[in-house]
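For what it's worth, the UniProt record's numbering labels the leading residue of the sequence shown as 1, then goes sequentially. Glycine included, each C-beta is placed from N, C-alpha and C at the ideal position.
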Amino acid sequence: MSNLYTYEVKQADGNMEQLENFKGKPLVIVNTASKCGLTPQFEGLQHLYEKYKDQGLEILGFPSGQFNDQEFHTQKETQEFCRKNYGVSFPVFSKIDVNGELADPLFKYLTSWGTNDVSGEIKWNFTKFLIDRQGTIIQRYEPQVEPEQMEKDIQKIL
């Protein structure tokens with residue numbers, strides 16, 4: 001039976017990273033896009049990261065161009081954009097598909113969880129998943145939910 005920690009993801013530099021490395025830490029996993037109307041959510045995500053990283057919080061960003069091709073074509077452009085415009089210091093991994101036949105296995109796993117109104121395929125950029133220290137998915141937040149609105153739930157799992 002798979003769990004969150006059985007997956008590996010591709011870092012921005014192309015190296016693979018085991019999610020096992022994040023075991024014991026609360027996580028926010030989010031699909032991102034650099035050219036989307038919701039892109040300013042990077043600022044809120046970075047604020048949460050800075051505020052709670054010393055308590056173990058990790059935010060993992062996964063760029064995707066599946067929604068109107070709103071992500072840069074090179075990893076370098078994505079990384080530079082996130083750092084320069086939003087001061088992003090949390091990990092932003094390689095560009096992936098989050099839906100469909102070519103969806104990254106991690107996102108196939110994440111989207112298999114949920115309730116009737118928040119399950120299934122990712123609907124848009126900046127869908128966020130809150131995961132506790134044991135690797136259990138606690139909550140899925142749809143794109144319109146601002147990072148600040150997640151703060152009370154994050155505090156509960158710290």
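*Whose C-alpha, out of A12, F62, G24, is nearest the C-alpha of T136?*
For the purposes of this step, residue 136 is taken as the residue at position 136 of the sequence shown. Measuring from the Cα of T136, the nearest candidate turns out to be G24.
*Can you give, in chain order, each stretch of the alpha helix (DSSP H) that sits fully within the stretch 24–62 and has at least 4 residues?*
Entirely contained in the stretch 24–62, the alpha helix (DSSP H) runs reaching 4 residues are, in chain order, 41–52.
_So for K95, helix, strand or coil by DSSP?_
As a first step, residue 95 is located in the sequence shown; it is residue number 95 there, counting from the start. Three-state result, K95: coil.
_Three-state class that DSSP yields for residue 163 in the structure shown_ = In the structure as shown, the chain starts at 1 and stops at 158, and residue 163 therefore has no counterpart that could be examined.
*Measuring CB to CB, does P91 end up less than 8 Å from G61?*
By 1-based counting over the sequence shown, the position of residue 91 is 91. By 1-based counting over the sequence shown, the position of residue 61 is 61. Yes, Cβ-Cβ distance for P91 and G61 is below 8 Å.
_Nearest-angstrom Cα separation, counted from S34 out to W124_ = Position 124 of the sequence shown holds residue 124. Position 34 of the sequence shown holds residue 34. Cα to Cα, the separation comes out at about 13 Å.
*Quick one, which of L38, L4, E20, N21 has its alpha-carbon nearest I142's?*
For the purposes of this step, residue 142 is taken as the residue at position 142 of the sequence shown. Per the sequence presented here, residue 142 reads as Glu, with Ile not at that position. Here the closest residue by C-alpha is L38.
*Taking DSSP as the reference, what is the three-state secondary structure of E20?*
Indexing the sequence shown from 1 puts residue 20 at position 20. E20 falls in the helix class under three-state DSSP.
*Which value, in whole angstroms, describes the spacing of the CA atoms of T127 and T32?*
Here residue 127 refers to the residue found at position 127 of the sequence shown. Here residue 32 refers to the residue found at position 32 of the sequence shown. Straight-line Cα distance between these residues: approximately 8 Å.
*Is I122 helix, strand or coil by DSSP?*
Position 122 of the sequence shown, counting from 1, holds the residue named residue 122. I122: coil per DSSP, three-state reduction.
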